[in-house]
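Trainee: Sending over a structure as structure tokens; questions will come in a sec.
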Amino acid sequence: MPGKMHTLLENLDRYIEVLTLSQSVHVKDWDISCVRRGFEWGTYFQQVYHRFHTNECLRNALEDHLRSKNETLSACIKNYQYITFNDLRYSKEIFCMSLLQNKALSKDIFQYIVRQLKNLSSGEISICSMSNIMCQKAALQLLLFSSSIASKNPLENPCVVTQAEILKNHLENRIRLLKGDHQFAVVADVLSGIPQPSVYKILAVLLLSSETCDSQGQVSLSHLFLKWLLENDSAWTDFCSKINCHLLSRLSSKYVIVSKAYMDFLIKVGESMELDVHGKWVSSNAELPFNTFRNHFESLMNTSEDLRSATEAKLKALKSQDGDYDLPGISIWTDILLEVKKIVHL
Amino acid sequence: MAQAIPVLGLEFWLKKAQEWDQTVILESQKDVCLHLPKLQEFLQQVYETLKHMSPSAAVEQFPPIGQLLGRLCENKFVVGHEETRNALIHCLCCLQSSEPKSAVELAANSWVKNLLCHLFCSSEAIGHEENQSINKIGCTTVDYHSKLLKNTITSWIKQLTKPENSNSENKLSGDNIRALSIRCIPILTLPDLIPLLEALLLYHGSEPKEVLDDEFLDRVNDAILRKKILLSESAVLSLWLRHLQSLEKAVLDLFQRLIAIQSKSLKEMEQIINDSFLVQAAQYPSIFRIIDNIFRNAILESDGNIKIITVVRLFTHVFLQLYQKNNTQVRFPLKAYFPHSNRSLVMALIRRPVGLPPDVCLAHLQSIIRMLSPVAKETRSRGSVFEWFLLIHFGDWVDIAAELLMTSESESADDLLWLLAFYYNPWNENEETNRTMAASRSVYERLLPLRSSASVCASKLQTLLEEEKRSACHPCTLQLYRHLFIFFLLFSPDWHVTAKEFIAHMTQTQEAAREVSDILARTVWRLSIPGMKTPKLITIVHELLHDF
Chain Y
1 MPGKMHTLLE
11 NLDRYIEVLT
21 LSQSVHVKDW
31 DISCVRRGFE
41 WGTYFQQVYH
51 RFHTNECLRN
61 ALEDHLRSKN
71 ETLSACIKNY
81 QYITFNDLRY
91 SKEIFCMSLL
101 QNKALSKDIF
111 QYIVRQLKNL
121 SSGEISICSM
131 SNIMCQKAAL
141 QLLLFSSSIA
151 SKNPLENPCV
161 VTQAEILKNH
171 LENRIRLLKG
181 DHQFAVVADV
191 LSGIPQPSVY
201 KILAVLLLSS
211 ETCDSQGQVS
221 LSHLFLKWLL
231 ENDSAWTDFC
241 SKINCHLLSR
251 LSSKYVIVSK
261 AYMDFLIKVG
271 ESMELDVHGK
281 WVSSNAELPF
291 NTFRNHFESL
301 MNTSEDLRSA
311 TEAKLKALKS
321 QDGDYDLPGI
331 SIWTDILLEV
341 KKIVHL
Chain G
1001 MAQAIPVLGL
1011 EFWLKKAQEW
1021 DQTVILESQK
1031 DVCLHLPKLQ
1041 EFLQQVYETL
1051 KHMSPSAAVE
1061 QFPPIGQLLG
1071 RLCENKFVVG
1081 HEETRNALIH
1091 CLCCLQSSEP
1101 KSAVELAANS
1111 WVKNLLCHLF
1121 CSSEAIGHEE
1131 NQSINKIGCT
1141 TVDYHSKLLK
1151 NTITSWIKQL
1161 TKPENSNSEN
1171 KLSGDNIRAL
1181 SIRCIPILTL
1191 PDLIPLLEAL
1201 LLYHGSEPKE
1211 VLDDEFLDRV
1221 NDAILRKKIL
1231 LSESAVLSLW
1241 LRHLQSLEKA
1251 VLDLFQRLIA
1261 IQSKSLKEME
1271 QIINDSFLVQ
1281 AAQYPSIFRI
1291 IDNIFRNAIL
1301 ESDGNIKIIT
1311 VVRLFTHVFL
1321 QLYQKNNTQV
1331 RFPLKAYFPH
1341 SNRSLVMALI
1351 RRPVGLPPDV
1361 CLAHLQSIIR
1371 MLSPVAKETR
1381 SRGSVFEWFL
1391 LIHFGDWVDI
1401 AAELLMTSES
1411 ESADDLLWLL
1421 AFYYNPWNEN
1431 EETNRTMAAS
1441 RSVYERLLPL
1451 RSSASVCASK
1461 LQTLLEEEKR
1471 SACHPCTLQL
1481 YRHLFIFFLL
1491 FSPDWHVTAK
1501 EFIAHMTQTQ
1511 EAAREVSDIL
1521 ARTVWRLSIP
1531 GMKTPKLITI
1541 VHELLHDF
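Put into structure tokens, the structure is as follows:
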């Protein structure tokens, strides 16, 4: 048995390398028999997945092995795509898609693959279930339409929710066996690679939907996300500017640390505001006009009783720091308090 | 060979493809959906022609072919439809040269390659900026589309099921929902889509008008009837309640299937009725009455076709079984299903004859006849048509009347004969029924003395039948004769050899054969009830049926 396991792991290493190579320029030297063997190994590892995915012991062994193989490869390949145990289930599809998207693929191999795929609906055994992927893609092109589905609220936007799901699985898998700082390094590395503002929307979804709260002993992914957001001032400012104030309020009521940092952000914006010649408050940061700024406070007041009293106390303290004027047009905090009172009937 | 692509077709489809470029317009989207089956057929024809030609010959003979295929590849509705997409892929492959010689062929090859990659690969942006970030996460994203599809569908369902009075922000408008229903048409059979189809069918907004597109409703109904999709009972019911044409189609489809199988086994037909889900839907009185109306028209238009009458009888039987089993939900009163009929008559007919001793059966039949005859004897009354149609649903009692006539010395033979005469010949005024009755009485009286003889020879019966036929030749009366003769033979089981011979004589016309086979089949079905001791009779009937 140990011998067999050893062979299996060695084969797995080779196959992961083949999958990686299928995305590289090296495919230009491949011939059809290479590709055919690639698909055969794909079939084999799909069977491995189906045989072992319920066997915890073997599954763990394979997952651990894959993890270290992935780390090794990612160290020397740019934009490396991690392969997990679950991915083995789709190994042929991954292989096929990598090849089809590879510009270096030779004409012969391209035609070979297309010939195989062409027969996918005719009842013959096809080389992989690309048909299913194509159907799903086609369905998405039809169903993702209208503003109602591409909602501004990331929690209701299926694209953001799906990316959040995938990011979470990927990170959980990668940091599982790492300790402290290493975990954060991986999270920070991956997050910095995702374009803005997508990364903020994804994080908002993950932070709001995570079940783990502050009190848990173990360092959760949410903590690592928060650390990444809060450690870097410009990231946090961007996050607060790009994410809807209702979501920020909900995050504040869920995480104490967010509530404090969010208030700091608002104070900073408030302090930067000045009256223009028309008597209106304008920010040097033009992205946040007075009305939007006021909305942040309104939303804080409407989210929970605790947040409401804390926000009100904070605004009163700021107002008194500023000279405790009751007349509008002198201190931003007096004006915000007056505006907020109009709406929430303090 | 080259002539196989209708050139006109090519021009027609090219014009269509150009019009369809405006897929943002709902009517244009709907037009694509309407044309998908024809387009698929056309592309298959194109493929059959192209596969025998070199790519350059193909382009030379059909210059617009590249433009057409290219445009179709860009159309979400065309590409969304699996069969059409596959036909498209096949056609594109034919335009690829395996040994490109000229620059044109090289360019064509790379053009085809791009289109095929566009169709095969799922990495392309779906059109949202968020999708670009997925590639930066650093993991394989082969299951991205399946996850995204699931979440997109969940998101639509959430919006469709938002309560009426909820926050109006992001609330779906009727137009949005119609657009969504049209977009579902090309992908109806995708298993992931089922929960969304159900949510759409169950959606009831505040709009007085139907928000779902009629083509969508039609195609969903078709897919259900062809068993291409399996939806929840509540969704199917909702479809039939909101779209009358679908319900009508479902009933006609059931008829067609029952008639097409030409089964001699009513059990098999019963199974088909059960699977159609119409019986479940008919538990709603409004649906039952629509189905019943279709039945009535079918019977009238087919001049009382025996097969259709049997379908009605079977359907009622299965319907009542379910109705009586239903203790959990609120049950509608029977009056709601048969609003035009006398309530006590309905109650009497609904009683199941299984296991009742002959004398109880007879008494029960007499009470039925007492209620039925005054209405039936009113000349040209609407009532008589309704009551006759009601009797059709419960034809078991008519068979029992015939059975009792042939098995017992009944003093009420006249009543029983009247019931049979009314069943077979209710149409023309009372007089006609009376004539049928008189004729059948004569047959009955001639058969009666034969019952006590140890054996009867087929030729004697044949002579008897021929003589009676000569005196009364109304087709309805003839039907009644056949019923009486067959029951006469069946319920004297020692004569089954005679029965075989006689039936062979009697069923020389196709119509007669159909009728006799139906009588035999329903006798097997009626008597094959667990716990009933009639195995010998059933074996005989099976044997007789087998000869057809």
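So the sequences go chain by chain: Y and G.
Going letter by letter, the first sequence gives residues 1 to 346 in the numbering used here.
Going letter by letter, the second sequence gives residues 1001 to 1548 in the numbering used here.
Each residue gets a CB set at the ideal place from its N, CA and C atoms; glycine is no exception.
All values reported here derive from a predicted model rather than from experimental measurement.
1. Can you tell me which of the three DSSP states M1347(G) falls into?
2. Using a threshold of 9 Å, state whether the C-beta atoms of I1273(G) and V1318(G) are closer than that.
3. List, in chain order, every chain G residue whose beta-carbon is nearer than 9 Å to that of D87(Y).
4. Would you say T1152(G) and L100(Y) are within 9 Å of each other, going by their C-beta atoms?
5. Which residues in chain G have a C-beta closer than 7 Å to the C-beta of H182(Y)? List them in chain order.
6. By how many angstroms is the C-alpha of T1049(G) removed from the C-alpha of I243(Y)?
7. What are the boundary residues of the alpha helix (DSSP H) that includes V1220(G)?
8. Rounded to the nearest angstrom, what separates S1110(G) and M97(Y) at their Cα positions?
9. Could you tell me whether any Cβ in chain Y is nearer than 9 Å to the Cβ of G1080(G)?
10. What span of residues does the beta strand (DSSP E) with V1142(G) cover, start to end?
11. For P1333(G), tell me which candidate among S1286(G), S1373(G), S1367(G), E1041(G) has the shortest Cα-Cα distance.
12. Inspect the beta-carbon positions of L66(Y) and F95(Y) and report whether they are closer than 9 Å.
13. State the DSSP-derived secondary structure class of M301(Y), mapped to helix, strand or coil.
14. In chain G, which residues lie less than 8 Å from G193(Y) when you measure between Cβ atoms?
15. In the DSSP assignment, find the beta strand (DSSP E) that holds S283(Y) and state where it starts and stops.
16. When you compare the CB of Y44(Y) with every CB in chain G, is at least one pair closer than 9 Å?
17. Can you name, in chain order, every residue of its own chain whose Cβ lies under 6 Å from the Cβ of Y1094(G), other than the five neighbours on each side?
18. Going by the beta-carbon positions, is the gap between L247(Y) and F184(Y) smaller than 9 Å?
19. Are L1068(G) and L1115(G) closer than 9 Å when you measure CB to CB?
20. In the DSSP assignment, the beta strand (DSSP E) including M1053(G) goes from what residue to what residue?
21. Whose Cβ in chain Y lies nearer than 9 Å to the Cβ of D1574(G)?
22. On the CB-based measure, 16 or more other CB atoms within 10 Å of its CB, does P1449(G) come out buried or exposed?
23. Hey, is A1179(G)'s beta-carbon within less than 9 Å of any beta-carbon in chain Y?
24. Taking any Cβ of chain Y, which residues in the segment 1095-1106 of chain G have a Cβ under 9 Å from it, in chain order?
25. The alpha helix (DSSP H) spanning L230(Y) covers which residue range?
26. Going along chain Y, which residues have a C-beta under 7 Å from S1146(G)?
27. Nearest-angstrom Cα distance between E40(Y) and E71(Y)?
28. At the 9 Å Cβ level, is V35(Y) part of the contact set with chain G, yes or no?
29. Give the residues of chain Y in contact with P1055(G), contact being defined as C-beta atoms less than 8 Å apart.
30. Where A1250(G) and Y1284(G) are concerned, what is the direct C-alpha to C-alpha distance, given to the nearest angstrom?
31. For I202(Y) and chain G, any beta-carbon pair shorter than 9 Å?
32. Counting along the chain, where does the alpha helix (DSSP H) carrying L1088(G) start and finish?
33. Straight-line CA distance for W281(Y) to L1072(G)?
34. On the DSSP letters alone, give me the boundaries of the beta strand (DSSP E) that L1334(G) sits inside.
35. Is L88(Y) closer than 9 Å to Q136(Y) when the C-beta atoms are compared?
36. CB T1140(G) to CB I83(Y), shorter than 9 Å?
Mentor: In short, the structure shows the following:
1. Secondary structure of M1347(G) (DSSP, three-state): helix.
2. Judged by beta-carbon spacing, V1318(G) lies within the 9 Å limit of I1273(G), meaning their Cβ atoms are closer than that value.
3. Neighbours of D87(Y) across chain G, judged by C-beta separation under 9 Å: C1139, T1140, V1142, D1143.
4. No, they are not a contact pair.
5. Neighbours of H182(Y) across chain G, judged by C-beta separation under 7 Å, do not exist; the nearest C-beta is about 16 Å away.
6. So the alpha carbons of these two residues sit roughly 57 Å apart.
7. DSSP places V1220(G) in the uninterrupted alpha helix (DSSP H) bounded by 1214-1225.
8. So the two alpha carbons sit approximately 18 Å from each other.
9. Flagged as an interface residue toward chain Y: G1080(G), by a C-beta distance shorter than 9 Å.
10. Unbroken run through V1142(G): none, as it is neither H nor E.
11. Selected option, being the one with the closest Cα: S1286(G).
12. No.
13. In the structure shown, M301(Y) sits in a helix (DSSP, three-state: H, G or I).
14. Correct list: K1136, I1137, G1138.
15. Where S283(Y) is concerned, the enclosing beta strand (DSSP E) stretches over 281-283.
16. No, Y44(Y) lies away from the interface with chain G (no Cβ there is under 9 Å from its Cβ).
17. It is worth fixing the name first, because residue 1094(G) is Cys in this sequence and not Tyr. So the list reads L1050, K1051, once near-sequence residues are dropped.
18. Their beta carbons are not under 9 Å apart, which means L247(Y) does not touch F184(Y) by this criterion.
19. The Cβ-Cβ distance between L1068(G) and L1115(G) does not fall below 9 Å.
20. Run containing M1053(G): none; DSSP gives neither H nor E here.
21. This structure gives no information on residue 1574(G), because the portion of chain G shown stretches from 1001 to 1548.
22. An exposed status is given to P1449(G), since fewer than 16 other beta-carbon atoms sit within 10 Å of its beta-carbon.
23. Chain Y, which has a Cβ nearer than 9 Å to the Cβ of A1179(G), makes this yes.
24. Cβ contacts with chain Y: Q1096, S1098, P1100.
25. Looking at the DSSP string, the run of the alpha helix (DSSP H) that includes L230(Y) is 221-231.
26. Around S1146(G), the beta-carbon contacts reaching into chain Y at under 7 Å are Q136.
27. The alpha-carbon atoms of E40(Y) and E71(Y) are separated by roughly 26 Å.
28. The beta-carbon of V35(Y) is placed no less than 9 Å from the nearest beta-carbon of chain G.
29. Among the residues of chain Y, none has a CB under 8 Å from the CB of P1055(G); the nearest is roughly 12 Å distant.
30. Going by the C-alpha atoms only, they are around 16 Å apart.
31. Cβ-Cβ to chain G under 9 Å: yes for I202(Y).
32. Element bounds for L1088(G): 1082-1094.
33. In this model, W281(Y) and L1072(G) are separated by some 54 Å (Cα to Cα).
34. Counting along the chain, L1334(G) falls outside any beta strand (DSSP E), and DSSP gives it neither H nor E.
35. The answer is no: Cβ separation not under 9 Å.
36. In contact: T1140(G) and I83(Y) (Cβ atoms closer than 9 Å).
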